[in-house]
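**Student:** Would you mind keeping the following structure in view while I ask a few things?
So this is what it looks like as structure tokens:
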């Protein structure tokens, strides 16, 4: 039935005389499209199509209708429909940049009727202006021709309607007359819009910053006034002369979603001047010089020639580990394992069957001791054993050593899940010493191997930052890993977390829950922590707050719950680079006994950084619940900028030296509000590395 409707429509259109449709016809066209034709052509019954040729013909006709609907929606200034079509179809399917029979593109109609919202929507989708309008004269001539031809057609149809007796043909001509009258008014409005428009004003807030030792970045906003014509592109020019004679280069920006541009390949230490101008259908507007007027490509390390702290460290550690392995390769402890393969690679789908094997050694209940549990989750489901239990193996049933030191050692081992067999063999050598610490750590390695073998997975994930304990003397070390694959595993049981929480029969009282009950109650919080700890910051320069607190056996660091792998922070700006001039100014500020009121000179990069820091410090003090007047005793860490991969950098704000680390029993009068954690320093360092 649908196929027949499409064919009847095509036949009806073929019988219609050439010419534009009326406004009512336009509305019917793109509104009926949603009800009658907005179906994927591949959803038609294959048996109802004569073959691939007819199917492709139908597809092309369908896309042609969507293109016509877009033109009609733009002409009728229907923003909602334009946005709907742009979302539903790709630019290629819409033929977004293919002119119609009048030589116009959808963007041409939008900008010449001064419909800024539709023009912006089209520009963000990749729309272009018609290439036929190479000059102002050609655009004016084309519009005059359209107006004249439409007026002539209206006069002809008017004469025919007046002179003919009322009949069916006369009624059809009256419809055509109304359509051409509407078209005539549209072209006149477009012509008037073009004639009244002027070139746009200069862009606003043109800001120049140093992006690296060989690049600068310019950001800007739209002009305050576009003078009755939408801006369709911008031009960035740069030169080593303030008069821009000669210019060194220029770039045209026609993707207007983000108004910024990075000029690369510059010479370090050379001053570059930048200006930006806007373009509409009347031409280029006046340029606007940047603030500051010039920038010198540089980096803070050039101030004292300091090399990156971590340069080559990862490679050096890998080399050192390789040397240690080589020394231990012929050790006697490796003799029993020579005939064993280096690594047993189990397919996940096969190895996870161990979860449901009757002979698996997962524990159902806990006795007094130290245990390892591995939590694997996917969406809202969690992996359980054949008895609907979270996988748990025993580490030591007689554990009596110092937990925190062993736990921190375990977190370091989690960075080497693939090397557990080798570590076990190395620890075996020293086992004869009967050291409590070595015995416990050897048992930890055995438990890890057992968990890996039962699951058939080497990577057990990330260690949760603190063990779960109960009053019965049980301690659970927890690892967390998200399974993102869409593969369906044979005989594997994924259980919804909520179902596992409600179906488990607790063997403890609410006043004294076991470690397993505590884990199930708080499992959502632990999964949220795991997901948040893998999030990354967007590129930029940040101000971080370093606050420590010490206990008997550890030092902890204050972090936000929403991003526990990073210090408490606020964003200073999107550009992560600190230039040499900015760093030199920060060094002078750090060496002064009393701050200079008013800050550096205006229209300099140092002044802009000064203003950004003022805003960031106020925001950070509010975030960590510290009165602003206390900030006068805080200090900026001036030894270095903390660099994370070149895209994220940090300046550190430090409390007074006596307050950097809160001692045990010492009251902190400015306790942060909810939304913060204190992590063991070693856990935080591992999380930051990940």
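Residue numbers (the UniProt record's numbering): 1 to 690. Glycine included, C-beta positions come from ideal geometry on N, C-alpha and C.
Does the distance from the C-beta atom of residue 535 to that of residue 563 stay below 8 Å?
**Tutor:** yes
**Student:** Using the rule of at least 16 other Cβ atoms within 10 Å of the residue's Cβ for burial, across every protein chain shown, is residue 627 buried or exposed?
**Tutor:** exposed
**Student:** Less than 6 Å between C-beta atoms, sequence neighbours within five positions excluded: which residues of the same chain meet that for residue 578?
**Tutor:** 300 and 641
**Student:** Let me check understanding here. Comparing Cα to Cα, which of 548, 592 and 542 lies closest to residue 574?
**Tutor:** With distances taken between Cα atoms, residue 574 lies closest to 542.
**Student:** Return the chain-ordered list of same chain residues with a C-beta closer than 6 Å to the C-beta of residue 661, the five sequence neighbours on each side being excluded.
**Tutor:** 548 and 550
**Student:** From which residue to which residue does the beta strand (DSSP E) around residue 556 run?
**Tutor:** 555-560
**Student:** DSSP three-state call for residue 78: helix, strand or coil?
**Tutor:** Coil, per DSSP.
**Student:** Is the Cβ-Cβ distance between residue 280 and residue 245 less than 8 Å?
**Tutor:** no
**Student:** Can you tell me where the alpha helix (DSSP H) holding residue 361 begins and where it ends?
**Tutor:** Per DSSP, residue 361 belongs to no alpha helix (DSSP H) and is neither H nor E.
**Student:** In three-state terms, what does DSSP make of residue 607?
**Tutor:** helix
**Student:** Report the residue ranges of all alpha helix (DSSP H) runs contained in full by the region 77-110; include only those spanning at least 4 residues, in chain order.
**Tutor:** Along the length of the region 77-110, whole alpha helix (DSSP H) runs at least 4 residues long occupy 79-88 and 91-94, reported in chain order.
**Student:** If you drop the 5 nearest sequence neighbours on each side, which residues of the same chain put their C-beta closer than 8 Å to that of residue 322?
**Tutor:** none
**Student:** Where do the ends of the alpha helix (DSSP H) carrying residue 445 lie?
**Tutor:** 436-455
**Student:** Do residue 231 and residue 253 have their C-beta atoms within less than 8 Å of each other?
**Tutor:** no
**Student:** What are the start and end residues of the alpha helix (DSSP H) that includes residue 583?
**Tutor:** 580-591
**Student:** Name the two residues that bound the continuous beta strand (DSSP E) containing residue 650.
**Tutor:** For residue 650, the enclosing beta strand (DSSP E) has its first and last residue at 648-654.
**Student:** Would a C-beta distance cut-off of 8 Å place residue 216 and residue 266 closer than the cut-off?
**Tutor:** yes
**Student:** Kindly indicate which residue of 284, 290 and 102 has the alpha-carbon position closest to the one of residue 271.
**Tutor:** Minimum Cα distance to residue 271 is reached at 290.
**Student:** Would residue 366 and residue 516 be called neighbours here (beta carbons separated by less than 8 Å)?
**Tutor:** yes
**Student:** Beta-carbon separation of residue 416 and residue 423 under 8 Å?
**Tutor:** yes
**Student:** Using the C-alpha atoms, what's the distance from residue 196 back to residue 175?
**Tutor:** Rounded to the nearest angstrom, the two C-alpha atoms are 32 Å apart.
**Student:** Would DSSP call residue 202 helix, strand or coil?
**Tutor:** coil
**Student:** Curious, which full-length beta strand (DSSP E) runs of at least 3 residues does the region 219-285 contain?
**Tutor:** 233-239, 249-253, 260-263 and 272-280
**Student:** Going by DSSP, which residues form a beta bridge with residue 496?
**Tutor:** Looking at the DSSP assignment, residue 496 forms a beta bridge with 381.
**Student:** Between the Cα of residue 269 and the Cα atoms of 580, 614 and 132, which residue gives the shortest distance?
**Tutor:** 580
**Student:** Is the distance from the Cβ of residue 586 to the Cβ of residue 653 below 8 Å?
**Tutor:** Not a contact, by the Cβ cut-off of 8 Å.
**Student:** So residue 624 and residue 540 are supposed to be a Cβ contact under 8 Å. How far apart are they, rounded?
**Tutor:** Between residue 540 and residue 624 the Cβ distance is about 19 Å, and since that is not below 8 Å, they are no contact.
**Student:** Nearest CA to the CA of residue 443: which residue from 410, 463 and 461?
**Tutor:** 410
**Student:** May I have the straight-line CA-CA distance separating residue 158 from residue 177, to the nearest angstrom?
**Tutor:** 7 Å
**Student:** Based on DSSP bridge pairs, tell me the residues matched to residue 69.
**Tutor:** Bridge partners of residue 69: none, in fact.
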